[in-house]
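Colleague: Quick one: the structure is below, questions incoming.
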Amino acid sequence: MDQSRRRFVNVLGALPFIGAGVARADPFPSKPIKIFVPASAGTSIDAITRFFAEPLSKRLNTPVVVENRPGAGGLLGYQAAARAPADGYTLILTGIPLYLLPLFSDAAPPYDPLKDFAPVARVARVPFAIVVATDSPYRKLSDLIEAMQKNPSTLTYSSQGVGSSAHLCSVVLNDASRTQALHIGYKETTMAVTDVVGGRISFSCQTSTGVLPLIQSGKLRALAVTGSKRWDAMPNTPTVSEAGVPGFEVSSQLDFMAPAGTPQAVIRTLSQHIVQIAQTAEFKQFCDKQVLTQESVEAGALGAEMTREVARWKNIARLARSN
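Okay, structure coming up:
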C-alpha cells in the first residue's frame with residue numbers, strides 16, 4: 084500500500100472515534116445551575132429567585148442554587164454574573180439597576196448591560212411604596228412634597244446605594260414634584276428601612292417585600308404606591324398619581340439574564356422553562372401575596388426592549404447624578 088493510500092485509510096479509521104467523542108458531549112444541563120441575587124436575603128428579588136429555583140430544578144433535573152451577592156446597589160452581583168462563564172450555568176435576576184449602575188461609575192463602566200448580558204426571560208414587575216415612620220409629621224404625600232418644597236435638600240431619603248431601585252424611584256419623585264431631598268445610601272435594604280422606622284431618615288421608596296410587613300405591623304406608614312394601581316393589601320393607600328403627581332408611575336421589571344455569549348439553544352431551553360413557571364397559578368398567587376405584577380416574556384422579545392431601557396434610564400441617571 085502506497086503512503087498516500089495508507090494516510091487515507093488511517094483517517095477513515097479515526098472517524099468513528101471522532102464521532103464518538105462528539106456523541107459523548109454532555110447535554111445541558113449536566114451540573115448545578117447558579118442564580119445570583121444582586122441583593123440581600125429577604126428582599127423582593129431574593130424571594131422571587133428562590134420561588135423559581137425549586138420548580139426549575141425539577142424541570143431540568145439538576146440542582147439550582149441561589150447565591151446572594153449584595154452590595155453597591157447590586158453592582159457586585161451584576162459584575163459577578165457578567166464575568167461568569169457563558170455556558171448557561173450562571174444566571175442572575177435583574178431589575179432596573181442593571182441598566183443604571185454603569186452610568187454611575189466614575190471610572191470605566193464595570194460592565195455593559197447590552198454587551199455583557201443575554202436576556203433569558205421576564206417574570207414580573209415590582210411596584211414601590213413611599214414610606215415614612217409612623218410618628219412622622221407627614222401623613223399624606225402632599226405633606227411630604229410641601230415640606231421638600233419649603234426646605235430643599237433638607238429632608239432625607241434612603242436607598243440601597245447609588246443607582247438602586249429605591250434611589251431612582253426617589254429621584255423620579257423629586258423631579259416630578261419639583262422638589263429636592265438629600266440621598267443617604269446604605270449597603271443593604273434592612274439598614275435603609277430601619278433608619279426610616281427609627282425616624283433618622285425622612286422617607287424611602289421601597290418594594291413591598293421590604294416594607295409591607297412593617298406597614299402592617301404599624302412600624303411604617305405608606306403615603307402612596309408608585310405603580311399604576313393600588314395594592315390589594317393596602318386598598319386605602321393611593322397611587323402617587325392619585326395623590327397629586329399626575330402621570331407618575333415607577334416599577335422595576337424583573338428579568339433573568341445570562342452572561343453574553345451563552346449558546347442560544349441553552350437560552351431557549353432556560354427561557355421556555357422559566358416562562359412556563361411564570362405563567363403558573365402558583366406564581367400568580369405568589370405575586371399577589373408579594374404585591375408583584377405577574378408578567379412573562381420570552382428571551383426573543385427582550386433583546387430590543389433592553390436597548391429601549393438603556394435609553395429610557397439614561398435621562399433618569401442624569402437627574403440622579405445632579406442630585
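Just so you know, the sequence shown maps onto residues 84 to 406 in the numbering used here. Backbone N, C-alpha and C fix where the C-beta goes; we use that ideal spot for every residue, glycine too. Bear in mind the structure is a predicted one, so any value in this text is a computation, not a measurement.
(1) Using the Cβ count rule (16 or more neighbours within 10 Å means buried), how would you classify Ser236?
(2) With Asn151 as the anchor, note down where its beta strand (DSSP E) starts and where it stops.
(3) Could you tell me which of Val254, Gln373, Thr320 sits nearest to Phe125, measuring between CA atoms?
(4) With DSSP collapsed to three states, give me the class of Glu381.
(5) With C-beta atoms as the reference, is Glu392 less than 8 Å away from Tyr182?
(6) What are the uninterrupted segments assigned as beta strand (DSSP E) that are 3 or more residues long and contained completely in the region 270-332, given in chain order?
(7) Assuming Pro180 contacts Gly157 (C-beta within less than 8 Å), just tell me the rounded distance between them.
(8) Beta-carbon separation of Gly160 and Pro196 under 8 Å?
(9) Where does the unbroken beta strand (DSSP E) through Ala155 begin, and where does it stop?
(10) Can you check which of these residues, Gly301, Gly327, Pro318, Val333, is closest to Ser311 by C-alpha distance?
(11) Quick one: give me the first and last residue of the alpha helix (DSSP H) that Ser113 is part of.
(12) Taking Ala169 as the reference, which of Gln368, Pro346, Ala361 has the closest Cα?
(13) Can you name, in chain order, every residue of its own chain whose Cβ lies under 6 Å from the Cβ of Leu297, other than the five neighbours on each side?
(14) Is there a Cβ from chain C that is less than 8 Å from the Cβ of Phe200?
(15) For a test of the three-state rule: what should DSSP assign to Ala394, helix, strand or coil?
(16) Decide if Asn319 is buried, meaning its Cβ has at least 16 other Cβ atoms within 10 Å, or exposed.
(17) What's the call for Pro329, buried or exposed, on a 16-neighbour Cβ count within 10 Å?
(18) Going by alpha carbons, who is nearest to Ser113 out of Val147, Ala307, Ser225?
(19) Under 7 Å Cβ to Cβ from Cys252, same chain only, skipping five residues before and after it: list those, please.
(20) Taking 8 Å as the threshold (C-beta atoms), are Pro192 and Gln162 in contact?
(21) Starting from the C-beta of Gly301, find all residues in its chain whose C-beta is less than 7 Å away, skip the five residues before and the five after it, and write them out in chain order.
(22) Quick check on the burial criterion: 16 or more other C-beta atoms within 10 angstroms. Buried or exposed for Asp109?
(23) Give the straight-line distance between the Cα atoms of Thr292 and Ser127, rounded to the nearest whole angstrom.
(24) To the nearest angstrom, how far is the alpha carbon of Asp226 from that of Met389?
(25) Looking at the secondary structure, which residues open and close the alpha helix (DSSP H) in which Tyr172 lies?
(26) Would DSSP call Tyr221 helix, strand or coil?
(27) Starting from the C-beta of Ser295, find all residues in its chain whose C-beta is less than 7 Å away, skip the five residues before and the five after it, and write them out in chain order.
(28) So what does DSSP say about Met231, is it helix, strand or coil?
(29) Among Ser248, Gly344, Gln336, Pro321, which one has its Cα closest to the Cα of Thr376?
(30) Buried or exposed, going by whether 16 or more other CB atoms sit within 10 Å of the CB of Met56?
(31) Quick one, are the C-beta atoms of Ser379 and Val206 less than 8 Å apart?
(32) Relative to the C-alpha of Ala400, which residue among Ser123, Lys223, His250, Leu306 is closest?
(33) When the Cα atoms are used, what is the spatial distance from Ala155 to Pro220?
Modeller: Let me spell this out:
(1) exposed
(2) 147-151
(3) A small fix is needed here, since residue 125 is Gly in this sequence, not Phe. Selected option, being the one with the closest Cα: Gln373.
(4) strand
(5) yes
(6) 286-290, 303-308
(7) 4 Å
(8) no
(9) Where Ala155 is concerned, there is no enclosing beta strand (DSSP E), given that its DSSP letter is neither H nor E.
(10) Val333
(11) Ser113 -> no alpha helix (DSSP H), and no H or E assigned at all.
(12) Pro346
(13) Leu303
(14) The chain labelled as chain C is not found in the depicted structure, where only one protein chain is given.
(15) helix
(16) exposed
(17) exposed
(18) Val147
(19) Phe211, Cys288, Thr309, Val333
(20) no
(21) Thr217
(22) exposed
(23) 5 Å
(24) 37 Å
(25) Segment: none, Tyr172 is in no alpha helix (DSSP H) and carries neither H nor E.
(26) coil
(27) Checking the displayed sequence, the identity of residue 295 turns out to be Leu instead of Ser. Contacts found: Ala316, Val374.
(28) helix
(29) Gln336
(30) Outside the shown range of the chain (84 to 406) lies residue 56, about which nothing can therefore be said.
(31) yes
(32) His250
(33) 31 Å
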